[in-house]
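*Asks:* Numbering (the working numbering), first residue to last: 1262 to 1672. Yeah, the Cβ is synthetic: ideal placement off N, Cα and C, and Gly gets one too. Following this message is one structure expressed as structure tokens.
Right, dumping it as structure tokens:
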């Protein structure tokens, strides 16, 4: 059994490896625990990351017998359980096992717990859908596993992987306090390869979030088709695996809901209206469908905040998760929605984002941002402290006016 799986593992280690390492490997600790679960949208690069983690531990040697990569739903596993595979691998001296798409395996939580508890010399790296919950079922892994959420590429990573230009990431505070210098330095680096940031940014908005753009030979039409297929697979396969009580009709309604949202973003829920349009039985069911789309990272809910106490009041607007999704599945995306979607998508990794009545967004209960084009002024912000205009179509800002593209360097 292990011989066959080792051959398959080596095939995938060679096929799926990539020299470029995403922010997750660069910034997160994968050494001080024995069980890691990487969750994220389909297509963001989880498989490549698992393989890179294994090869790091084998000094790049795909023939090393101490590492094993398996896909949880691969037919070669046959009737063997993950526990049985881990047991056999450990007996042969195995030390590091990666289990991809763990959500496709029906008893994943119980078996990961048993593997972790039984084989103390074995480290486990696994990946799963964004909707995966560590506490699903009766086998709570939250005290054993470290869970990392993997996002799609930032524009910084998009430039690095496609144009081989090494650029550093920034914090929100660095951007606020020193955006003119940071922007200037980035633009100077790009000019060394005859590149300009605005065309790169426009391309990123359409095809830059998912790393498989390179694998598709930078074909924008093929990228769009692949993204649409991944959305369908996320709903029809991933959600169905994680939430087996979802019926075929439920999955159909969830897809219809996503399409409805995509044509209306930024979208404010009016429950009774949506119930009638989608012919869903009740509010509770409809809200569950919304929750599943959010868990799958296909949509983002942004809540409003009180002007006085920064108190969260209610859900107010719903956006698609990223601009690539917007271009792929919406036929009605306007430039304001594209700008706001990009800004939210970049900020949500390490920051709290709320709507704000005197500006578009309140960040970390402290900074107010108004998003617009290059001629956007401060009229709407009035005399708000810590308020900034974020402008599209400018290379370098000035004082409290910051270029929109620069927020793509937050990770």
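(1) Per DSSP, what kind of secondary structure is residue 1326 in: helix, strand or coil?
(2) Taking Cβ positions, are residue 1310 and residue 1361 nearer each other than 7 Å?
(3) Tell me where the beta strand (DSSP E) around residue 1620 begins and ends.
(4) I want to know whether the stretch 1286-1302 touches the stretch 1383-1391 - three or more CB-CB distances under 8 Å.
(5) Go ahead and label residue 1429 buried or exposed: buried means 16 or more other beta carbons lie within 10 angstroms of its beta carbon, across all protein chains shown.
(6) How big is the Cα-Cα spacing for residue 1338 and residue 1384?
(7) Compare the beta carbon distance of residue 1635 and residue 1655 with 7 Å and say whether it is the shorter of the two.
(8) Please check the pair residue 1563 and residue 1615, which I expect to be a contact at CB under 8 Å, by giving their CB distance rounded to whole angstroms.
(9) Just the Cα atoms here: how many angstroms apart are residue 1574 and residue 1365?
(10) Can you tell me where the beta strand (DSSP E) with residue 1389 in it begins and where it stops?
(11) Pick out the complete beta strand (DSSP E) segments inside the stretch 1445-1495, 3 residues or longer, and give them in chain order.
(12) In this structure, does DSSP put residue 1361 in helix, strand or coil?
(13) Please work out which residues of its chain come closer than 8 Å, Cβ to Cβ, to residue 1285, disregarding the five sequence neighbours upstream and downstream, and give them in chain order.
(14) Hey, which unbroken runs of the alpha helix (DSSP H) at 4 residues or more fall wholly within the stretch 1278-1319?
(15) How would you write the range of the alpha helix (DSSP H) that residue 1419 sits in, first residue to last?
(16) Have a look at residue 1520 and residue 1630 and give me their C-alpha separation to the nearest angstrom.
(17) Could you please give the first and the last residue of the uninterrupted alpha helix (DSSP H) stretch that includes residue 1605?
(18) Check the DSSP bridge columns for residue 1662 and list the partner residues they point to.
(19) Please state if the CB of residue 1599 and the CB of residue 1584 are separated by a distance shorter than 7 Å.
(20) Give the straight-line distance between the Cα atoms of residue 1326 and residue 1379, rounded to the nearest whole angstrom.
(21) Using 8 Å for Cβ pairs, my map puts residue 1413 next to residue 1471. What's the rounded Cβ distance?
(22) Would residue 1357 pass as a contact of residue 1315 if the rule is Cβ separation under 7 Å?
*Replies:* Short version:
(1) coil
(2) The answer is no: Cβ separation not under 7 Å.
(3) 1620-1624
(4) Contact holds: three or more Cβ-Cβ distances are below 8 Å.
(5) exposed
(6) 20 Å
(7) yes
(8) 7 Å
(9) In this prediction, residue 1574 scores a pLDDT of 46, lower than 50, which makes its location untrustworthy; the coordinate-derived value is nonetheless stated afterwards. Near 37 Å, if we compare the C-alpha coordinates of residue 1365 and residue 1574.
(10) 1384-1390
(11) Correct list: empty.
(12) strand
(13) 1299, 1310, 1409, 1411
(14) 1284-1288, 1307-1318
(15) 1416-1424
(16) In a straight line, the C-alpha of residue 1520 is about 29 Å away from that of residue 1630.
(17) 1596-1608
(18) 1650, 1659
(19) yes
(20) 20 Å
(21) 6 Å
(22) yes
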